[in-house]
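K.L.:
Number of protein chains: 2
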Amino acid sequence: MSILVVGSVAFDSIKTPFGEVDDALGGSACYFSTSASFFTDVSLVAVIGDDFPQEHIDFLASRNIDLAGLQKSAGETFRWKGKYEYDLNEAHTLETHLNVFESFKPELPENYRDAEYVFLANIDPELQLEVLQQVKKPKLVACDTMNFWIEGKKKELIKTLAKVDMLVINEAEVRQLADEPNLVKAAEIVRGFGPKTLVVKRGEYGVLMFSEGSIFSAPAYPLEEVFDPTGAGDTFAGGFVGYLAATRNLEEKNLRKAIVFGTVMASFTVEKFSLDRLREIDYAEIESRYKRIKLLTDFADIE
Amino acid sequence: MSILVVGSVAFDSIKTPFGEVDDALGGSACYFSTSASFFTDVSLVAVIGDDFPQEHIDFLASRNIDLAGLQKSAGETFRWKGKYEYDLNEAHTLETHLNVFESFKPELPENYRDAEYVFLANIDPELQLEVLQQVKKPKLVACDTMNFWIEGKKKELIKTLAKVDMLVINEAEVRQLADEPNLVKAAEIVRGFGPKTLVVKRGEYGVLMFSEGSIFSAPAYPLEEVFDPTGAGDTFAGGFVGYLAATRNLEEKNLRKAIVFGTVMASFTVEKFSLDRLREIDYAEIESRYKRIKLLTDFADIE
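Top to bottom, those sequences are chains A and B.
Note that the first sequence ends on residue 303 in full-length UniProt numbering; no numbers are left out.
Note that the second sequence ends on residue 303 in full-length UniProt numbering; no numbers are left out.
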């Protein structure tokens, strides 16, 4: 079953302690859809400028991503410039040029409107809601957001969250959204806004998933080389929602497997700049890391 | 089998966003030995001043802790004053008065020298070595340390580590000791100093254990009320080493169970000031939380 994703396609210029790259392919929708494409078909809604090269379009198409919803506007593609210090958990934004993204109005091609699985990447919550209104009868709606919208459009965000089944956000943003420092309490407050499942991303510390009467903790895959964390969260979401859509099973047990697949996908993305590592891997490598996370977390019951 | 622990007995004055307390019973040896006492016998080596009240001695004795090695010196007991903001992961030290601890020379009573399990809490690495030299034939030596010794006595610390089987320290200290930002690489460097097992404490993010060819990740128990994190690390170590000594089994599978028991013990300590929560619990509550951590981390294999 295919997933509909709406988000950004961008050029990222990034400096980390290990290297730098200019105008590399990035953006939430690119990371999400490439990651999800290892599990299922993806239909993408985003906007690019007239400077966007054919090779990137060819790459996304080669991943079986439906690009009918990829609008092309006059002007430049969204650009982000950032850097990381040795503490790779925190991105420092140097420049943001929205460019064609500033006037982006997501419009769904007719064949997208039957989508059963929807991922609203981190964009204006009002646009997220507009997308949802165009989808006929989604089985699962997941979304992301960020501090910028929590600060500037909290009312609109909460209106969107009322229509969302799963929220996938960073730990600090859960606390901010709930205005509560304790994470367990904050998670309950945020679940009260609508999303019955809350997935809390904690960077190198992994993921906590809060659902009705259950908490699941998954570690990040321990890596000897973390090169660039950009896109890790969206790649995680792509593996998570991708696995759910592929298996069409929203039971807790399957949600947990999906979380681990998401974690595995993110572990590849951070090993190289941009989508470069995702261009190399195959499904066998994904399964191999899944099994290693199983070994990493396994311990015996009390007799 | 009983454990020998050497460390501090202290009075802590602590302020957190949730309350404050003055001159409460604390110190690494108190937290460790009280926690370990739920699993096995403990022999304590530490120093107190002549201001140390009988009620605290009675409490430790009531936990079956052997106090023959608890020296009493003229002067005041070690005092620490600290506070925490909402980010409970970081303690801010306001005052440290070593008092009688300044001239502490650990001397082991004769019957302590046969100890098979030894925990060297966070004290001067030269004193840690002196203690080790008094123990005849330990089966397991575990130790803790801190940034203060890594900065000021690195050479002495490395000399001690060469005689140690397990090192239990904070994440930032692993990186500092190895002079390497990547945790996986840093762990290998530190294991090269001697301890074949490295246990990395990550506060609310749980624990990573590095041993030969294996990494184990355990989450912290998610709590709705974290009242005061003081002593969490030593309580963790007490549960960890306590379970190992009680079961006399150092295989990887048992190490992992011990890590989870340590995590459970720490989760109790942080719920109240001082040792107050440990005074209330029983072994059934410990087992209950162990099972809940099992549920928290459980996910299915790939078919």
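Positions of the beta carbon are idealized from the N, C-alpha and C atoms, including for glycine.
#1: Let me check one thing: in DSSP terms, what residues is residue 166/B bridge-paired to?
#2: Would you say residue 215/B reaches chain A, if we count a Cβ-Cβ gap shorter than 9 angstroms as a contact?
#3: Applying the criterion that 16 or more other CB atoms from any shown protein chain within 10 Å of the CB defines a buried residue, is residue 266/B buried or exposed?
#4: Any chance the region 10-29 of chain B sits against the region 288-295 of chain A, with 3 or more Cβ pairs inside 8 angstroms?
#5: Suppose you measure from the CA of residue 268/A to the CA of residue 191/A; what does that come to, to the nearest Å?
#6: Rank 119/A, 75/A and 106/A by C-alpha distance to the C-alpha of residue 144/A and give the top, closest one.
#7: Counting only the same chain and skipping the five closest in sequence on each side, list residues whose C-beta sits under 8 angstroms from that of residue 271/B.
#8: Which of the three DSSP states is assigned to residue 238/B in this structure?
#9: Could you spell out where the beta strand (DSSP E) holding residue 79/A opens and where it closes?
#10: Tell me which same chain residues have a C-beta within less than 7 angstroms of the C-beta of residue 177/A, skipping the five on either side of it?
#11: Tell me, to the nearest whole angstrom, how far the beta carbon of residue 39/A is from that of residue 242/A; I am working on the premise that it is less than 8 angstroms.
#12: Can you tell me whether DSSP reads residue 117/A as helix, strand or coil?
#13: Any chance you could list the alpha helix (DSSP H) runs of at least 4 consecutive residues sitting entirely within the region 9-40 of chain A, in chain order?
#14: For residue 86/B and residue 182/A, I'd like the C-alpha separation in whole angstroms.
#15: What separation, rounded to the nearest whole angstrom, lies between the Cα atoms of residue 74/B and residue 50/B?
#16: Can you tell me where the beta strand (DSSP E) holding residue 46/A begins and where it ends?
#17: According to DSSP, what are the bridge partners of residue 218/A?
#18: Indicate whether at least one CB of chain B lies closer than 9 angstroms to the CB of residue 328/A.
#19: List the residues of chain A that residue 291/B touches, going by C-beta distances under 9 angstroms, in chain order.
#20: So residue 72/A is in the beta strand (DSSP E); what residue range does that whole segment cover?
#21: So, for residue 61/A: in the same chain, excluding its five sequence neighbours on each side, which residues have a beta-carbon less than 8 angstroms away from its beta-carbon?
#22: Given a limit of 7 angstroms on CB to CB distance, which residues of the region 66-90 of chain B reach chain A?
#23: With H, G and I counted as helix, E and B as strand and the rest as coil, what does DSSP make of residue 280/B?
#24: Return the bridge partner residues of residue 310/A from the DSSP annotation.
#25: What residues in the region 156-189 of chain A bring their beta carbon closer than 8 angstroms to a beta carbon of chain B?
#26: Per DSSP, which one or two residues make a beta bridge with residue 135/B?
#27: From the DSSP output, in three-state form, read off residue 177/B for me.
#28: State the Cα-Cα distance for the pair residue 232/B and residue 238/B, rounded to the nearest angstrom.
#29: Helix, strand or coil, according to DSSP, for residue 264/B in the structure here?
#30: Using CA atoms only, rank isn't needed, just tell me which of 160/A, 25/A, 125/A and 214/A is closest to residue 58/A.
#31: Less than 8 angstroms between the CB atoms is what I'm expecting for residue 258/B and residue 275/B, so what's the real figure, rounded?
#32: On a CA-only basis, which of 69/A, 95/A, 91/A and 53/A is nearest residue 79/A? Give me that one, please.
#33: Could you tell me whether any non-hydrogen atom of the ligand HEM is closer than 8 angstroms to the CB of residue 213/A?
#34: For a cutoff of 9 angstroms on Cβ pairs, would you count residue 218/B as touching chain A?
#35: Any C-beta of chain B sitting closer than 9 angstroms to the C-beta of residue 277/A?
#36: So which residues of chain B does residue 31/A contact, with C-beta pairs closer than 9 angstroms?
P.N.:
The relevant details are as follows:
#1: In the second sequence, counting from the first residue as 1, residue 166/B sits at position 166. Beta-bridge pairing links residue 166/B to 142/B and 197/B.
#2: Indexing the second sequence from 1 puts residue 215/B at position 215. Yes, because at least one Cβ of chain A sits closer than 9 angstroms to the Cβ of residue 215/B.
#3: Here the question's residue 266/B lines up with position 266 in the second sequence. Classification for residue 266/B: buried.
#4: no
#5: Position 268 of the first sequence, counted from the start, is the residue given in the question as residue 268/A. Position 191 of the first sequence, counted from the start, is the residue given in the question as residue 191/A. Whole-angstrom Cα-Cα distance: 30 angstroms.
#6: Position 144 of the first sequence, counted from the first residue, corresponds to residue 144/A. Out of 119/A, 75/A and 106/A, 119/A has the C-alpha closest to the C-alpha of residue 144/A.
#7: Position 271 of the second sequence holds residue 271/B. These residues qualify, in order along the chain: 223, 225, 226, 227 and 277.
#8: Taking the first residue of the second sequence as position 1, residue 238/B is located at position 238. Note: residue 238/B maps to helix in three-state DSSP.
#9: Working through the first sequence from its first residue, we reach residue 79/A at position 79. Here the beta strand (DSSP E) through residue 79/A covers 78-83.
#10: Locating residue 177/A in the first sequence gives position 177, counting from the first residue. Cβ within range, chain order: 150 and 190.
#11: For the purposes of this step, residue 39/A is taken as the residue at position 39 of the first sequence. For the purposes of this step, residue 242/A is taken as the residue at position 242 of the first sequence. Right, their Cβ atoms sit about 3 angstroms apart.
#12: Within the first sequence, numbered from 1, the residue matching residue 117/A stands at position 117. Strand.
#13: 28-36
#14: Within the second sequence, the letter at position 86 stands for residue 86/B. Within the first sequence, the letter at position 182 stands for residue 182/A. Whole-angstrom Cα-Cα distance: 9 angstroms.
#15: Your numbering for residue 74/B matches position 74 in the second sequence. Your numbering for residue 50/B matches position 50 in the second sequence. Between residue 74/B and residue 50/B, the C-alpha separation is close to 6 angstroms.
#16: Residue mapping note: residue 46/A aligns to position 46 of the first sequence, counting from 1. Element bounds for residue 46/A: 42-48.
#17: Translated into the one-based positions of the first sequence, residue 218/A becomes position 218. Answer is 207/A.
#18: Not covered by the structure: residue 328/A. The range shown for chain A is 1 to 303.
#19: As a position in the second sequence, residue 291/B is number 291, starting the count at 1. Within chain A, the residues near residue 291/B are 301 and 302.
#20: Locating residue 72/A in the first sequence gives position 72, where the first residue counts as 1. 65-72 is the extent of the beta strand (DSSP E) around residue 72/A.
#21: Position 61 of the first sequence, counting from 1, holds the residue named residue 61/A. If we look at residue 61/A and ignore the five residues flanking it on each side, its Cβ neighbours are 67.
#22: 86
#23: Locating residue 280/B in the second sequence gives position 280, where the first residue counts as 1. Three-state result, residue 280/B: coil.
#24: The structure shown does not extend to residue 310/A, since chain A is modelled only from 1 to 303, so the question has no answer here.
#25: 181, 182, 183, 184 and 185
#26: For the purposes of this step, residue 135/B is identified with residue 135 of the second sequence, where counting begins at 1. None; residue 135/B has no bridge partner.
#27: For the purposes of this step, residue 177/B is taken as the residue at position 177 of the second sequence. Here residue 177/B sits in helix by DSSP.
#28: Here residue 232/B refers to the residue found at position 232 of the second sequence. Here residue 238/B refers to the residue found at position 238 of the second sequence. The straight-line gap from Cα to Cα measures roughly 10 angstroms.
#29: Here residue 264/B corresponds to residue number 264 of the second sequence, with the count starting at 1. If DSSP states are grouped into helix, strand and coil, residue 264/B belongs with the helices.
#30: Here residue 58/A refers to the residue found at position 58 of the first sequence. Comparing Cα-Cα distances from residue 58/A to each of 160/A, 25/A, 125/A and 214/A, the minimum goes to 25/A.
#31: Counting from 1 along the second sequence, the entry for residue 258/B is found at position 258. Counting from 1 along the second sequence, the entry for residue 275/B is found at position 275. Not really, about 21 angstroms apart at Cβ, beyond 8 angstroms.
#32: Translated into the one-based positions of the first sequence, residue 79/A becomes position 79. Residue 95/A is the option with its Cα nearest to residue 79/A.
#33: This structure lacks the ligand HEM, and indeed carries no ligand of any kind.
#34: Locating residue 218/B in the second sequence gives position 218, where the first residue counts as 1. So, interface residue.
#35: As a position in the first sequence, residue 277/A is number 277, starting the count at 1. Answer no: the Cβ-Cβ gap between residue 277/A and chain B never drops below 9 angstroms.
#36: Locating residue 31/A in the first sequence gives position 31, where the first residue counts as 1. Going along chain B, no residue has its Cβ under 9 angstroms from residue 31/A, so there is no contact; the nearest lies around 23 angstroms.
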